[in-house]
Each structure stands twice: as structure tokens, then as C-alpha cells.
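*Asks:* Those protein sequence lines, which keep their order, are chains A and B.
So that you can map any letter, position 580 of the first sequence is 580 in our numbering, and since no number is skipped, the others follow by simple counting.
Residues are numbered in our numbering as their position in the second sequence, beginning at 1, plus a constant of 603.
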Amino acid sequence: MSIDCKHIRNFSIIAHIDHGKSTLADRLLEWTGTVEKRQLKEQMLDDMELERQRGITIKARAVRMEYTHKGEVYELNLIDTPGHVDFHYEVSRSLACCEGAVLLVDAFQGVEAQTVANAYSAINLNLAIVPVINKVDLVHARVDEVLAEMEQSLGLDAADVVLASAKTGIGIDELLAGIVERIPPPAGDPNAVLRAMIFDSHYDSYRGAITYVRLVDGTVRKGQKIRFLETNSTHDVLELGQFVPQRRACEELFAGQVGYLVCNIKDVKQVHIGDTVTIPGDNGATAMPGYKPPQRMVYCGLYPSEGENFEELRDALEKLAINDPSFEYAPESSEALGFGFRCGFLGLLHMEIIQQRLEKEADLDLVQTAPNVTYQIKKTTGEVIEITNPQDVPDTGQIDEFRQPIVRTNFLTPVEHIGPIMQLCTDRRGVYLKTEYLSPTRAMLTFDLPLAEVIYDLHDKLKSVTRGYGTMDYELIGYFPADLARLDILVGSKKVDALSIICDRRDADRRGRSIVKKLRGEIDRHMFEIALQAAIGTKVIARETISAMRKNVTAKCYGGDISRKKKLWAKQKEGKKRMKSIGSVDIPQKAFMAVLDTGADRS
Amino acid sequence: MPAGRLAGARPAIVNAMDSAVPRAAYVHVPFCRHRCGYCDFSLVAGRDDLIERYFQALGRELARVPEPLCLDTLFVGGGTPSHLGVAGLRRLAAVLQDKLILAAGAEATLEANPSDVTPELVEVLREGGFSRLSLGAQSLAPATLAALDRNHTPDDVRRAVEAGLQAGLTVSVDVMIAAPGQSLAAVEQDLEDVLALGGQHVSVYCLTWEKGTRFASLLRQGLLQEAEEDLEREMYELAIERLEGGGLEQYEVSNFARPGHRCRHNETYWDCRPWEGFGPGAARFDGRTRITNHRSPVTWMHRILSGADPSGECDQMTPEEAARERIVVGLRRRDGLVRGEFAAASGFSLDALAGGAILSWVEQGFASDDGQRVRLTRRGLLVSDGLWAAVLGQGA
Ligand SMILES: Nc1nc2c(ncn2[C@@H]2O[C@H](COP(=O)(O)OP(=O)(O)O)[C@@H](O)[C@H]2O)c(=O)[nH]1
Ligand code: SF4
Ligand SMILES: [Mg+2]
Numbered sequence: 001m002s003i004d005c006k007h008i009r010n011f012s013i014i015a016h017i018d019h020g021k022s023t024l025a026d027r028l029l030e031w032t033g034t035v036e037k038r039q040l041k042e043q044m045l046d047d048m049e050l051e052r053q054r055g056i057t058i059k060a061r062a063v064r065m066e067y068t069h070k071g072e073v074y075e076l077n078l079i080d081t082p083g084h085v086d087f088h089y090e091v092s093r094s095l096a097c098c099e100g101a102v103l104l105v106d107a108f109q110g111v112e113a114q115t116v117a118n119a120y121s122a123i124n125l126n127l128a129i130v131p132v133i134n135k136v137d138l139v140h141a142r143v144d145e146v147l148a149e150m151e152q153s154l155g156l157d158a159a160d161v162v163l164a165s166a167k168t169g170i171g172i173d174e175l176l177a178g179i180v181e182r183i184p185p186p187a188g189d190p191n192a193v194l195r196a197m198i199f200d201s202h203y204d205s206y207r208g209a210i211t212y213v214r215l216v217d218g219t220v221r222k223g224q225k226i227r228f229l230e231t232n233s234t235h236d237v238l239e240l241g242q243f244v245p246q247r248r249a250c251e252e253l254f255a256g257q258v259g260y261l262v263c264n265i266k267d268v269k270q271v272h273i274g275d276t277v278t279i280p281g282d283n284g285a286t287a288m289p290g291y292k293p294p295q296r297m298v299y300c301g302l303y304p305s306e307g308e309n310f311e312e313l314r315d316a317l318e319k320l321a322i323n324d325p326s327f328e329y330a331p332e333s334s335e336a337l338g339f340g341f342r343c344g345f346l347g348l349l350h351m352e353i354i355q356q357r358l359e360k361e362a363d364l365d366l367v368q369t370a371p372n373v374t375y376q377i378k379k380t381t382g383e384v385i386e387i388t389n390p391q392d393v394p395d396t397g398q399i400d401e402f403r404q405p406i407v408r409t410n411f412l413t414p415v416e417h418i419g420p421i422m423q424l425c426t427d428r429r430g431v432y433l434k435t436e437y438l439s440p441t442r443a444m445l446t447f448d449l450p451l452a453e454v455i456y457d458l459h460d461k462l463k464s465v466t467r468g469y470g471t472m473d474y475e476l477i478g479y480f481p482a483d484l485a486r487l488d489i490l491v492g493s494k495k496v497d498a499l500s501i502i503c504d505r506r507d508a509d510r511r512g513r514s515i516v517k518k519l520r521g522e523i524d525r526h527m528f529e530i531a532l533q534a535a536i537g538t539k540v541i542a543r544e545t546i547s548a549m550r551k552n553v554t555a556k557c558y559g560g561d562i563s564r565k566k567k568l569w570a571k572q573k574e575g576k577k578r579m580k581s582i583g584s585v586d587i588p589q590k591a592f593m594a595v596l597d598t599g600a601d602r603s
Numbered sequence: 604m605p606a607g608r609l610a611g612a613r614p615a616i617v618n619a620m621d622s623a624v625p626r627a628a629y630v631h632v633p634f635c636r637h638r639c640g641y642c643d644f645s646l647v648a649g650r651d652d653l654i655e656r657y658f659q660a661l662g663r664e665l666a667r668v669p670e671p672l673c674l675d676t677l678f679v680g681g682g683t684p685s686h687l688g689v690a691g692l693r694r695l696a697a698v699l700q701d702k703l704i705l706a707a708g709a710e711a712t713l714e715a716n717p718s719d720v721t722p723e724l725v726e727v728l729r730e731g732g733f734s735r736l737s738l739g740a741q742s743l744a745p746a747t748l749a750a751l752d753r754n755h756t757p758d759d760v761r762r763a764v765e766a767g768l769q770a771g772l773t774v775s776v777d778v779m780i781a782a783p784g785q786s787l788a789a790v791e792q793d794l795e796d797v798l799a800l801g802g803q804h805v806s807v808y809c810l811t812w813e814k815g816t817r818f819a820s821l822l823r824q825g826l827l828q829e830a831e832e833d834l835e836r837e838m839y840e841l842a843i844e845r846l847e848g849g850g851l852e853q854y855e856v857s858n859f860a861r862p863g864h865r866c867r868h869n870e871t872y873w874d875c876r877p878w879e880g881f882g883p884g885a886a887r888f889d890g891r892t893r894i895t896n897h898r899s900p901v902t903w904m905h906r907i908l909s910g911a912d913p914s915g916e917c918d919q920m921t922p923e924e925a926a927r928e929r930i931v932v933g934l935r936r937r938d939g940l941v942r943g944e945f946a947a948a949s950g951f952s953l954d955a956l957a958g959g960a961i962l963s964w965v966e967q968g969f970a971s972d973d974g975q976r977v978r979l980t981r982r983g984l985l986v987s988d989g990l991w992a993a994v995l996g997q998g999a
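1. Select from A:Q376, A:N264, A:A336 the residue whose C-alpha is nearest the C-alpha of Y303 of chain A.
2. Just reading off the beta strand (DSSP E) that R520 of chain A is part of, what are its end residues?
3. Look at the Cβ atom of V258 of chain A, then the Cβ atom of R214 of chain A, and state whether they are nearer than 9 Å.
4. Just checking: is the beta-carbon of A531 of chain A within a distance shorter than 9 Å of some beta-carbon in chain B?
5. Return yes when the Cβ of I421 of chain A is within less than 9 Å of the Cβ of I449 of chain A, no when it is not.
6. Of all Cβ atoms in chain B, is any one closer than 9 Å to the Cβ of M197 of chain A?
7. Flag Q572 of chain A as yes if its beta-carbon sits less than 9 Å from any beta-carbon of chain B, otherwise no.
8. If contact means a Cβ-Cβ distance below 7 Å, which residues of the stretch 780 to 809 of chain B contact chain A?
9. Quick test of the definition: if touching needs 3 or more C-beta pairs under 8 Å, does the stretch 168 to 181 of chain A touch the stretch 139 to 148 of chain A?
10. What is the DSSP secondary structure of P783 of chain B, reduced to helix, strand or coil?
11. Is N372 of chain A buried or exposed, if buried means 16 or more other CB atoms sit within 10 Å of its CB?
12. How many Å lie between V116 of chain A and T68 of chain A at the Cα?
13. Could you tell me the boundaries of the beta strand (DSSP E) in which V262 of chain A lies?
14. Rounded to whole angstroms, what is the Cα-Cα separation between P1003 of chain B and E852 of chain B?
15. Pull out every residue of the stretch 423 to 444 of chain A whose Cβ sits closer than 9 Å to any Cβ of chain B, in chain order.
16. Apart from the five residues just before and just after L752 of chain B, which ones in its own chain have a Cβ nearer than 6 Å to its Cβ?
17. For a cutoff of 9 Å on Cβ pairs, would you count L846 of chain B as touching chain A?
18. Looking at the structure shown, is H1033 of chain B part of a helix, part of a strand, or coil, going by DSSP?
19. Keeping to the same chain, check which residues put their C-beta closer than 8 Å to that of P294 of chain A; ignore five residues upstream and five downstream.
20. Taking the straight line between their C-alpha atoms, what separation do you get for P184 of chain A and G468 of chain A?
21. Does ligand 4 have even one heavy atom less than 8 Å from the beta-carbon of N716 of chain B?
22. How many angstroms separate the CA atom of V689 of chain B from the CA atom of N552 of chain A?
23. Could you check whether the Cβ of R650 of chain B sits closer than 8 Å to any heavy atom belonging to ligand 2?
24. Please report the residue range of the beta strand (DSSP E) in which D236 of chain A lies.
25. Report the rounded CA-to-CA distance for R589 of chain A versus E99 of chain A, giving the unit in angstroms.
26. What do you reckon, is the C-beta of R898 of chain B under 8 Å from a heavy atom of ligand 2?
27. Express the C-alpha separation of Q828 of chain B and D204 of chain A in angstroms, rounding to a whole number.
28. For a quick check, are the C-beta atoms of V262 of chain A and V237 of chain A less than 9 Å apart?
29. Can you pull the chain E residues whose beta carbon is under 7 Å from the beta carbon of D988 of chain B, in chain order?
30. Return the chain-ordered list of same chain residues with a C-beta closer than 6 Å to the C-beta of L103 of chain A, the five sequence neighbours on each side being excluded.
31. Give the single residue among B:G708, B:F969, B:E710, B:E765 whose Cα lies nearest to the Cα of V720 of chain B.
32. I need the straight-line Cα distance from D972 of chain B to D918 of chain B, nearest angstrom please.
33. Bridge partners of W991 of chain B, per DSSP?
34. Find the residues of chain A that neighbour V668 of chain B, judging by a C-beta separation of less than 7 Å, and give them in chain order.
Structural data, given as C-alpha cells:
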């Protein structure tokens, strides 16, 4: 393999979701002959089953392609990135391994919120940008307007934009040429001391941890010893290679290249995303500025539905965490739910995906508590503590300042929907900052909003008030004081810790009423009356009752009926097993999500 | 017509003292004129062409019993056994008589649709040794009968009861409550009218919405509505009060009788004594194992006539499971359970199996316990399905 640095291009494709990134990746694989057309499963790079189901790229993937341009052979390394706001962190991780980015914009949808967010991530990293308008084959394509939007919102030169269709293949050659000509080759020195960055990893039950690396300097060869700086652990390189897109082993990787290392690492804790790989001994390279640790925005409790599966859950979480360093977990216990874990996620979609993967891959039945954001509390002692579980909120007397995360949120929308978006944000205690017009018909609105008001359902609400045309993106700007309180829920006069929430005092009445009402719908009638109360401290602010079962008796019980009825009774018993008993009240698993604010009751 | 007579045709051959040998039998007749909208029983409607094959299959199934059984009770249910008509019932008696013999003083019941009951039919029953007539009356109000999709009239019911009583039969009337659109006042009127009929036995059933019935699908589409739980409870309590006030004692969740007229056949089920069963969907029980025939009349016939086993579900219990089941069916009776009797019959101590549950029921007012006898209170009985989880399946 006689490719030198000058003939390598490392790039990502960035786009708002559904603008055609996966389809374009497929076309590039096909055009470069990396994968033959008939082998091309649609959206080749989305190979996680869940991704296929959801049609979004969750994990970044890397693939090597060869492309001949003006008689010379180039190695193109494409690093695929996810397209959802939750996975921003993965996007920036991938971008840090690249010298350039293909920025994809849908010819009909135009510039959307994540187009802007991702483009700025790339621009901030000094990457060369190759802008593309995709789907020009669409009858409704509005190329000229979209060009204007790209100039307006991103400061790009319309003359640089490649017009393409990932579906029909229009413009793909021009795009490949643009990648080679406009993205600079990597700058590293293959003869320098080895220095590589771990940008991803996954666990293979046969081979141990597979580490994805971008070589910055030097060369790594099969059989050599390497060292991870973070853990200062030394390993033998048993195999190395590139993704084409399956793993293909080779003899060496050198500066500028992207590939993988297999070192028989069974202890997943040794692999840290963002860690630097170098040679053993004192002459190794120094650590590169690693990645910023991911911002966990959302926390929830995950408990095994059957208490005895706690250890299995721990193993499963550990395995997931190596593939996904943005996810964090720590053991906790709840009076109501027993032993489990408090888990931190990038966002709600991320949370849902992790939960599904746990249930699917590890075959575990889970009880999940309603997600909450992280808060900060400055105590009267001056100490600042981070709150990821409402249970940990200290007594009011100890609180000097209760702070919540605020996110700067950009909405991109056709101008006719500006009014409803303003309303939506005002209802959620948003602070209006500005409106910018990208074109006569499209605008970008900026608000500062409490994160808690954004993550649960703002996206759905936005879609509904803009008939699907509005998009949003947000970024944490910090923690700010607010009038917050912990709202507790009592079931049959017993406080259920897993149901507590933190909310703005001004919303407490509304939230309290809505929660007990929802719980009333979730908890079955019992043989006795059940009181449901919402309280702040000792002050009850809302109350509902579930009246006792009035009539529940099988009429016919003759001969063969007995077998049938017994099955029914036994089923009730099974159903009970899958609930959590608090006092003598059986609470179904999904009731723990009832405290989520859907805003349906906002006046 | 002595050939069709079941009773006393032969002396009892089987030892009446052997408690493992059933002294009760159920025969299922799976034919009706039409299928009522709420009904999910094992039957075919409008397929009288299958009746002849049914008799053949029934004869073959009876051949499973090696020696003729001497019965204290026989229950011919359905479907609508009276739909067989006079000739059909004679034929039925002839098929049964080889293997089922009524002991002296036996109780033999036939279920009938009120519109099928004629003096002639009643006469055939008497000849065949039947002593009870169970009428699927459901209501005496034309509106309720229409709501329930029944095709007989209140007068049919009156005539049928009278014919039965006149022939010296014990008459039982089925009453349905919580029918679509039925008011509490309508139930009250029905109860009054039913008492006025003068039968010795009444069964009261709340309408249930069984999967797969036409009613269930109408409910799903919002075209029919279920009665509110509170109303249903009021109706049921009213039934208990009115019937008991009229001299019919409630002796099980759904059953009421004048003294000396309880249905002895059904008491076999609730005492967990063995019984035999023939016909589609019929169950049989040997004290430990309950086997239910395939519910489809056609499959049942086909299997039997092709020499295959018609059994469907088989509920095989350990002695402990059987004892737990005994607690549930026993407590559904107003007499409840007596500790000594329970231990003698089941081999288990009631308190060892359910002591904790009983204690908590007593505390909550769902049961009373005098140290010997445990009975559910009215309150307990009304919500009893919610109690059984604590008794069933533990230790399994
Ligand atoms: N008409 C047309 N449809 C396209 C084109 N590229 C992608 N699509 C469609 O747009 C949808 C989203 O594409 P996908 O590649 O999954 O987008 P991603 O979310 O950015 O990965 C799919 O239904 C594609 O078939 C294109 O050039 N023209
Ligand atoms: S007559 Fe009785 S058995 Fe026949 S369909 Fe109607 S309810 Fe069912
Ligand atoms: Mg995709």
C-alpha cells in the first residue's frame, strides 16, 4: 500500500436529519467501487438494527474508499455522523478526525436548525467545507432559494455549492472531485513518533474491544506494542486495518489514515474515547488535547423489573458504555424501586435508544423513571452540588440558590409560523433574543429556554405548530438561578421517591394536578381506596382518589369454566408481579413516566 | 317410551361408595337456532344437519366409559338442548342410556329455550327421568330481550315455567342483568316478575363481554356500551336482596334457591367431587385433573369419528394446587369452608395454605371467620376475583 499522506482525504458528511446523508454515503461507496451496486444494501453505513428501524444514524462509522482523480489514486476516509441534536457530541468527535466536511442541504427543505449547528461545529474546527444541495431531482426543488439561504445563514459562497442527487447520481463525480481538490491532505509525519487518537470503539465478544483510531503522526504496525496514555496500559497490536466498509486487515497504518486496532482488550474500562495512542516507554508522544467530555443533559433511573437482575443490568450497561462513552451510569437505590442505576444521556432520543438496546441486546425488562435534567444547588454553606436525582435536593433551609440549565435555542421556520413559535416559547418561560430573516420566506428565531422545557416535547410541539416545517437546535449556555422546588408524590399517604420531580414553583399547581390525575388513570383500582397527593414539603397542592373496586366477580363457574377462570386469575397475578408494590398499592411500570410534563394541560 | 328412559333401567353397577368414580355427568348439546350476540359458548347455529353426526359422535364418546355409570346428577346443557325437539330428545335419551344410569332420587336437568317448551316436550322429559328444567329466560321485559338479541317473548317464559311446574319439575330461571341500556328500575321489575313466576331456582348473571362475540366488536366500535361498574354492583345487590326477600337463598355467587332446591349437580363442581363430561367443550374431572374437550363442535365430532382424542386443554394439578382451587370455588359459596371438612377432603390445612390471606380479608371486612367456618361477606363476594391471586399458585 503505497499511498502517501498527500493522497489521503478525511471527511465527514454533515446534514440535518433526512437530508440524504446515508443515501449519499451509499452513492460514494458505489461510485468509488468500494461496494458493488448489487451488494449495496440500502443505507450501508447504518448497520445497527435499531438505526435501520429508525432511519437515523446513531453511531459514527468510518469507511475507506479509493478514488482516481486526474490519474492519481486517493484514499478517501468517510466518517459518517449522526444527524440528531442528541448526538451533537458524536458529530464533533468525528469532525475532529477530519480535515473537511461535506455539508448537505435538502433542495426542498432548505437550511434547517441542525444544518446550522453542524456547519458551525465544522467551521469552528477550521475544516474545509464542501457545500452540496442534495435532491435536485425533486420536482419541488427550490435550488435558488436554498442557495440564498446558505449564503445568508452560513456565509457560504453560492458559486462553491455542488448541485447533486444522491438518489439519481447527479453531481456525484463533481462532488468527489471537490473533496479531493478542496479538502487539504492530513498534515502528519509518518516518520515521527506514533500518535493516534481514539475516536470510537466497540466491543466484539470474540476479539474484545475494537478501537477506532485516526493516526496523527507516525506509523503503527501489526505485532508492535502500543500504549494508551490515559490508563498507561501497554498492549500488543494483534490486528489492524481499515473499514471497506467491513473490517479489512492490513500490515500498517500511518499518519493521516483512519482505521482500527485489535489488541485483545477484554477489560472495556481500558478504552477511553479521546485517549491518545503512542509507543511504550518514555519516548512516547504527549497527550493530544482530548475531546471535551460529553454533556449529559438528561438523567433517569433504570431499574431491573425483577430485582434479582441487578447484576445482569450492570454488565449490560458496562458493555453499552464502551460503545457509547456519552452515556454514563452509577448505582443508586430507591425505596420504591429497589436497586438500580441513575443514567445520564445526551438527550431523550439517546435515552430511548439505550433503553431499547438494553431490552433487546441484553433481554432485560426495565422500569424507567421519568427523565429529568441536571440542576445545580448552591448551599448556604457556599458548596455547589450537582443534582441528577430529585431525591438529592436538600431541605429548603440549606438552599441558597437553585439553578437550572438554560439552552440557547434556534428555530428555523417559514415566516408564517413565527407567531405560534413565539407563543410556544413564552408559555415555557423562554426569553426572546432575536429574529433573523434568511430569505423573504424563512426566518431564524432565537430564545433562551429552560432545558427542562425543551427536551420533553418541544420538538413535537414545534412540528405540530409549523406543520412539520419548523426545525430547532439548542446549545447549553449555562446554569441560572430560578424559583425551583421539589414536588413529591404520595400514593396512599406514602411518598414514592421515584415519582418526585423538580419544577418551577409557578408551575407546581398545574404539574401537581396533572400528575395525580395521570396516575389515577395508570393505577388500577384496588380493594381499597387510594389517595394520590402532590406536595411541596408538607404542603399538599393536589389530590385525587382512586375509589375502591366496587364489583369484580366471575359469574359462571361451572365444570370447564374453572380452568378458564383460573388462568385469568393467574394472569392477574402475573400482571401484579410486573408491577412495583408500594405499601399495598401495585403501581404499573409505565406509571413512573406519568410525571413527565406533556404540557397537554397548559392553558 | 321405556327405551328412552334413563332412570332405573338397570341396577347400579358401580360401587356408590368409591369416591373416585364420578356420580355426576354433564352432556353438552351444541345446537341453537341462532347465536345470541353475547354468547361465546361451544355451539353451532343453524346447522341442524349436523345433529345426526353429533349423536353418532356422542355415542362413540360414551364408549370411553368402560362400565355404565350410576349417577346422582345429570346435567344436559348447551347450546340449547331443547332445540333437539321431542324426537331429538328421545334419541338423546337412547344414546345416553347405555352408559348413564340415574340412581333413585337422582337430579337430572335439561336446559331449554322458553320458546321450545311445550307440554309434549315436558312429558318427554318426565318419561326420560328428568327432574329439572333450566330456562334461558334472561328477562321478562321485551326491551331487554331485544337488547340481548333473544328471540323469545315474556309469554313464552311464563308458559314454559308453568308447563314445567305443572309436570312436577323443579324449574330454574336464568336472569341476565347489566344488559345494554338496562336501567336499575328495569332490573327491579324483572326480579319482581321472575319471583312471580314461582320457580324454585334462579341464576343471575351479569352480562360479560367475551372476546370474539358480536357484542364485543360492537363495544369496540362504540356502538354498544358497558354498564358502569357502580350500576352493575347496584343491580347485583338488588338481585340478591329481592331474591332472598322472595324466599330464594343465595347459595353461590350466581345461584339462588328455595330450601331443598339447590342444584346438586353444580354443587358437585364446587365440592370438587369428580364428574364426567361428554360433548364439545365439556369438561371431566377425576379429583386432580380436569380435561376439557375441544370447544369446536365440528372438531370434536371429527376427532371422535376418526378415532382421535377429542380432548383439548388439560389442567393437571398437584394435590396442593387442587387444594388451593378448592379454597377458591368453596369460598364462592355462601356456606364457605369449614376447616375440618376442608382438611379431610383435601389433605391440607386451610390455614397452612391461606391463613395469612384469610386474616387480611377478615381485617378488611371481606370475610368472616368463627374459628371453624370461613365465609366471604357480601362485600368480599362482590370483589372476590381480586382476592384469589393471594390463594392460587403459591408454592407452584
Ligand atoms: N428524491 C430524492 N430523495 C433522496 C435523495 N437523497 C436521499 N433521498 C431520500 O431522502 C430520505 C432521507 O435520506 P437519508 O439518506 O436516510 O437521510 P439522512 O437522515 O440524512 O441519512 C430517504 O427517503 C431517501 O430516499 C435525493 O437525492 N433525491
Ligand atoms: S341460546 Fe344460549 S347457548 Fe344459544 S346462542 Fe343464545 S345464549 Fe348462546
Ligand atoms: Mg441516515
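Think of the CB as a built atom: it goes at the ideal place given N, C-alpha and C, for glycine as much as any other residue.
None of these values were measured; they are calculated from a predicted model.
*Replies:* On the basis of the supplied data:
1. A:A336
2. Segment 505 to 522 is the alpha helix (DSSP H) holding R520 of chain A; no beta strand (DSSP E) there.
3. Pairing V258 of chain A with R214 of chain A gives a Cβ-Cβ distance under 9 Å.
4. With its beta carbon at least 9 Å from every one in chain B, A531 of chain A lies outside the interface.
5. Correcting the residue identity first, residue 449 of chain A is Leu in this sequence and not Ile. No, the pair does not count as a contact, with Cβ atoms beyond the cut-off.
6. False, the Cβ-Cβ gap to chain B never drops below 9 Å.
7. yes
8. Y808, C809
9. no
10. Coil.
11. By the 16-neighbour rule on beta-carbons within 10 angstroms, N372 of chain A is buried.
12. 32 Å
13. Counting along the chain, the beta strand (DSSP E) containing V262 of chain A begins and ends at 258 to 262.
14. No answer is possible for residue 1003 of chain B: the residues shown for chain B start at 604 and end at 999.
15. none
16. Just to set this straight, residue 752 of chain B is Asp in the shown sequence, not Leu. Correct list, in chain order: C639, G640.
17. no
18. One cannot answer for residue 1033 of chain B here, as it falls past the ends of chain B, which runs 604 to 999.
19. Y89, P325, S326, L346
20. 38 Å
21. Ligand 4 is not part of this structure, which contains only ligand 1, ligand 2 and ligand 3.
22. 41 Å
23. no
24. 233 to 236
25. Here the sequence assigns Gln to residue 589 of chain A, which means Arg is not the residue at that position. If you take the alpha carbons of Q589 of chain A and E99 of chain A, they lie about 48 Å apart.
26. no
27. 56 Å
28. Note that the C-beta distance between V262 of chain A and V237 of chain A is below 9 Å.
29. Protein chains in the displayed structure are A and B, and chain E is not among them.
30. I14, A119, I129, P131
31. B:E765
32. 31 Å
33. W991 of chain B pairs with nothing; no bridge assigned.
34. The contacting residues do not exist; V668 of chain B stays about 17 Å from chain A at best.
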